[in-house]
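With the first letter of the sequence shown counted as 1, position 118 gets the number 118 in the numbering used here; the numbers rise by one all the way through. A virtual CB, placed ideally from N, CA and C, is assigned to each residue, including glycine. Quick caveat, the model's predicted, so the values are computed rather than measured. What follows is a single structure, written as structure tokens, with notes after it.
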Amino acid sequence: MNKKNIILLLAAVSFTGFSQMSYSAEEVSSIARGGQLYDKWFKVTGAKKPENTHSAWPGSNTRKKGNATHRCKSCHGWDLMGKDGAYAAGSYKTGIKGLKNLMGASNSKVISAMKDSTHGYSGKMSEEDFTDLANFVTKGQIDMDTVIDRKSKMARGDIAQGERYYNTVCAKCHAKTGKEPKDMAPLGKLSNDNPWEIIQKIQNGQPDEKMPAMRAFDLQVSADILAYLQTLPKE
Ligand code: HEC
Ligand code: HEC
């Protein structure tokens with residue numbers, strides 16, 4: 001790691017608790033779009049849904065196959081901690097490393113990894129897509145433990161404040177109960193099952209939907225919303 005990277009890394013570490021306030025408007029929107037690509041790139045780009053199982057998906061995991069195995073989040077986790085995070089166990093257990101160490105790294109390092117033979121994304125996404133993804137990995141990582149208690153999965157947020165945000169920003173599409181649209185599980189259930197996923201969805205938006213991304217606001221806003229979601233009906 002060179003000197004410039006060390007300085008960037010220190011800057012990044014000291015800002016993770018405060019969302020992305022230190023980045024330019026262009027960078028924040030690139031990071032949010034990168035987060036959606038990390039979630040489900042083929043939905044964002046409109047590419048054909050992959051049908052095969054990704055060649056880097058380990059044979060030890062037979063619980064997932066097909067397009068799910070092509071999403072960055074499936075191998076590296078919603079918390080970007082891979083085998084050391086929430087996917088240390090369960091149906092997405094792969095043993096694959098996380099990307100935490102790349103916060104503050106150069107974009108080119110992430111881009112060359114995505115284009116290597118393990119990943120095989122070369123030609124599947126545009127240079128803009130790769131840049132957005134790299135910005136998300138090198139500049140957009142959230143220190144999840146500041147917003148979610150890993151053991152209890154409870155958000156470290158203010159429920160009453162979260163209710164104000166939710167009712168004014170989210171309820172129009174998701175109803176006051178969090179039970180709309182009908183083709184998704186209730187937000188009360190999702191937020192308790194996988195709070196790391198929900199923080200990413202709140203911060204970056206939902207791929208190919210008109211849902212807003214809250215990344216430009218202080219990270220605490222997302223934590224407060226998550227805390228309120230966890231009080232909503234689970235069914
Ligand atoms: C099917 C599983 C799988 C998917 C999907 C996947 N990766 Fe990886 N990734 C790996 C594996 C395995 C490694 C470790 C390779 C090694 O150790 O040589 C890795 C390593 C990396 C690295 C290098 C990490 C380091 O510490 O140097 C980066 C960056 C990366 N992946 C980014 C991504 C991004 C961004 C996406 C989505 C566009 C993605 N990966 C999707 C399996 C996957
Ligand atoms: C303009 C409408 C709109 C707004 C506003 C909106 N959403 Fe969404 N949201 C959607 C749609 C549409 C989906 C995708 C539903 C589906 O997959 O069936 C979605 C999906 C989600 C998901 C992912 C569900 C899943 O299983 O993938 C979460 C979490 C979520 N929204 C939370 C929120 C929160 C919290 C807010 C407020 C900060 C919000 N949304 C604001 C329209 C909206």
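If the five residues before and after residue 52 are omitted, its C-beta is found closer than 8 angstroms to the C-beta atoms of 66, all from its own chain and listed in chain order.
In this structure, residue 63 has its CB at a distance of at least 7 angstroms from all heavy atoms of ligand 1. Judged by DSSP secondary structure, residue 107 falls within the alpha helix (DSSP H) whose first and last residues are 107-114. Taking every protein chain shown into account, the CB of residue 235 has fewer than 16 other CB atoms within 10 angstroms, so this residue is exposed. When DSSP reads this structure, residue 25 sits in no beta bridge, so it has no partner. Within the same chain, and ignoring the five residues on either side of residue 149 in sequence, the residues whose Cβ sits closer than 7 angstroms to its Cβ are 156.
In the three-state DSSP reduction, residue 142 falls in the coil class, being neither helix nor strand.
Residue state for residue 155 is assigned as strand, using DSSP reduced to three classes. Short of 7 angstroms from the beta carbon of residue 79, and not among the five residues preceding or following it, lie these beta carbons of its own chain, in chain order: 85, 86, 144 and 196. Here the distance from the Cβ of residue 33 to the nearest heavy atom of ligand 1 is not below 7 angstroms.
Between residue 129 and residue 41, the C-beta gap is smaller than 8 angstroms, which places the two residues in contact. Within 7 angstroms of the C-beta of residue 235 there is not a single heavy atom belonging to ligand 2. Looking from the CA of residue 58, the closest CA among 48, 70, 110 and 28 belongs to 70. Under the three-state reduction of DSSP, residue 31 is assigned to helix. Distance from the CA of residue 97 to the CA of residue 200, rounded to the nearest whole angstrom, comes to 19 angstroms. Between the C-alpha atoms of residue 137 and residue 102 there is a straight-line separation of about 7 angstroms. Rounded to whole angstroms, the gap between the alpha carbons of residue 194 and residue 91 is 13 angstroms. Counting the other Cβ atoms within 10 Å of the Cβ of residue 192 gives 16 or more, which makes it buried. Assigned with DSSP and collapsed to three states, residue 148 falls in strand. Every residue whose beta carbon comes nearer than 7 angstroms to a heavy atom of ligand 1 appears here in chain order: 37, 38, 41, 54, 56, 57, 69, 70, 71, 72, 74, 75, 76, 94, 96, 97, 99, 101, 102, 109, 110, 113, 114, 118, 119, 121, 133 and 137.
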